[in-house]
Amino acid sequence: MKIFLISNMFPSTKDPLFGVFVKNFKDELEKNNVLFEPISLIKGLAGKPIKKVFNYSIHYFNILIGIFKKFDLVYVHYVSHHIPILFLLLPFKRKPWVMNAHGTDIIDLQKNKYLNIFAEKVLKKTDLLVVPTSYFKSKVLQSYSFLEEQDVFVSPSGGIDSTKFFMKEKDADISKLHLGFVSRFIEEKGWKTFLDALLGLKEKRVPFVASIAGKGPDEQKILNTIKQYGLEEDVQFLGLVPQDKLVDIYNEIDLYVFPTYREAESLGLTGLEAMACGTPVIACNIAGPATYIQSHKNGFLFEPKNSEALIESIIQYQRLQPEQKDKFKLEALNTSKNFRKDIVAQKLLKRLTEVMRKQD
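Written out as structure tokens, the structure is:
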């Protein structure tokens, strides 16, 4: 199979995590003898606006050139960013088009009624729409009534690399509960809810230690809040941690806290990565995480932005007997197995093959 791959996000040497799920998708399908040629990718963050305009100009030009080359299907990551160029190319469509939405792009389209008009025309001609969760499948089917159930396929964003994220043996420290938060530091990821909960736990004299890892524009705000709340002795601020070191964090912690309240939280791979290490997850009952977290089984779900509800969930887990906690860990581990990247790739490849055969 020969695929024309189009994406406005792809890792670079400078930005190795930028669109890493697209790279994982590409790498895994290549293991299944898929050839990606031609390709049109924007690698790394643009930075300055003028650089972004330049990058997209080159990107669109490469799409214009590539569409006339030989391939079996077109695979586009991120719908909204490619609607203008794809609309112009509709008269030249000769092979199947597969669009992969990742959450934010669908939400963005709903907010822009003019762009959405063109999006509807493109989606009507699209042979398959791929979304990361059943949550977004239902959202897409509600928003675009002309789409049929079989037109939308659920495939987690690249899946989990089980060679990088796995359970390790560790010595349990029952004296303190170890909580973890790994995220991009932006408000909607819920870092304030997490720190509010830590303050509440301290006031209730619940023994804990917390690890925070990540990077983003709110980094200084987080550090200031930790100091303001008097949590300096309770929180290990790790900053940006390389992906190959995250497995150690996930294995060290007892609970992974995922307080994101983003409506466009497509899947939440960090939650699944933690589960792959046998760590239960406490997350907001919203979007992607709510599709794989089963409350009181492999983790807990709580009301978005409600730090008191988060505190209650943490204490509930703390009070469990050791054998009950072991059941949570086992369920978390079993849940993650459904999202292994090799399994995800094989299922997607099977569906893409069906799309090709239907075209023939």
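In my numbering, the protein residues as written are -3 to 356.
Backbone N, C-alpha and C fix where the C-beta goes; we use that ideal spot for every residue, glycine too.
Check: For Met95: DSSP bridge partner residues; Outcome: Val72, Leu125
Check: Cα-Cα separation, Ser76 to Glu299; Outcome: 29 Å
Check: Proximity to Glu184 [Cα-Cα], best of Leu251, Val340, Tyr257; Outcome: Tyr257
Check: Proximal residues to Gln216 (C-beta, below 6 Å), its chain only, five neighbours per side dropped; Outcome: none
Check: Close-in-space but distant-in-sequence residues of the same chain around Leu194 (CB under 8 Å, 5 per side omitted); Outcome: Leu175, Phe204, Ala206, Tyr225, Leu227, Asp230, Val231
Check: Neighbourhood of Leu137 by C-beta distance below 8 Å, restricted to the same chain and skipping five residues each side; Outcome: Leu143, Glu145, Val148
Check: Inter-stretch contact (C-beta, 8 Å, three-pair minimum) for the segment 30 to 47 and the segment -3 to 15; Outcome: yes
Check: Between the CA atoms of Tyr313 and Tyr246 - distance to the nearest angstrom; Outcome: 17 Å
Check: Beta strand (DSSP E) runs wholly inside the segment 136 to 213, at least 3 long, in chain order; Outcome: 148 to 150, 173 to 180, 204 to 211
Check: Chain-order list of residues whose beta-carbon lies under 6 Å from that of His55 (same chain, five-residue window excluded); Outcome: Ser36, Ile38
Check: Ala270 beta carbon less than 8 Å from that of Asn294; Outcome: no
Check: Stretch-stretch touch, CB-based, cutoff 8 Å, three pairs: the segment 117 to 132 with the segment 345 to 355; Outcome: yes
Check: Reduced DSSP secondary structure (H/G/I, E/B, other) of Ser291; Outcome: strand
Check: Span of the alpha helix (DSSP H), counted from its first residue to its last, around Pro80; Outcome: 79 to 85
Check: The segment 58 to 65 contacting the segment 85 to 101, beta-carbon criterion three pairs below 8 Å; Outcome: yes
Check: Check: Thr331 C-beta below 7 Å from any heavy atom of the ligand COA; Outcome: In the structure on display, the ligand COA does not appear, and there are no ligands present to speak of.
Check: Alpha carbon of Lys109 to alpha carbon of Ala115, nearest angstrom; Outcome: 10 Å
Check: Endpoints, alpha helix (DSSP H) assigned at Ala272; Outcome: 265 to 272
Check: Residue range of the alpha helix (DSSP H) that includes Pro45; Outcome: 45 to 62
Check: Integer Cβ distance of Ile113 from Ile81, believed to fall under 8 Å; Outcome: Incorrect: roughly 16 Å between the Cβ atoms, too far for contact.
Check: Other residues of its chain near Gly274: CB distance less than 8 Å, five sequence neighbours each side excluded; Outcome: Met163, Asn247, Lys325, Leu326, Ala328, Leu329
Check: Distance CB(Ser130)-CB(Lys343) smaller than 8 Å; Outcome: no
Check: Residue nearest to Ala305 in terms of C-alpha spacing, selected from Phe190, Thr331, Lys117, Gln320; Outcome: Phe190
Check: Straight-line Cα distance separating Pro318 from Leu197; Outcome: 21 Å
Check: Alpha-carbon spacing of Glu259 relative to Gly284, whole angstroms; Outcome: 9 Å
Check: Burial state of Ile282, where buried means 16 or more other Cβ atoms lie within 10 Å; Outcome: buried
Check: N- and C-terminal bounds of the beta strand (DSSP E) containing Leu1; Outcome: -2 to 6
Check: Range of the contiguous alpha helix (DSSP H) that encloses Lys39; Outcome: Segment 31 to 39 is the beta strand (DSSP E) holding Lys39; no alpha helix (DSSP H) there.
Check: Where Phe114 sits in the DSSP three-state scheme; Outcome: helix
Check: Reduced DSSP secondary structure (H/G/I, E/B, other) of Ala283; Outcome: coil
Check: Terminal residues of the alpha helix (DSSP H) in which Tyr246 lies; Outcome: 242 to 248
Check: Nearest-angstrom Cα separation, counted from Val118 out to Ser141; Outcome: 14 Å
Check: Buried or exposed by the 16-neighbour rule on C-beta atoms within 10 Å, applied to Lys22; Outcome: buried
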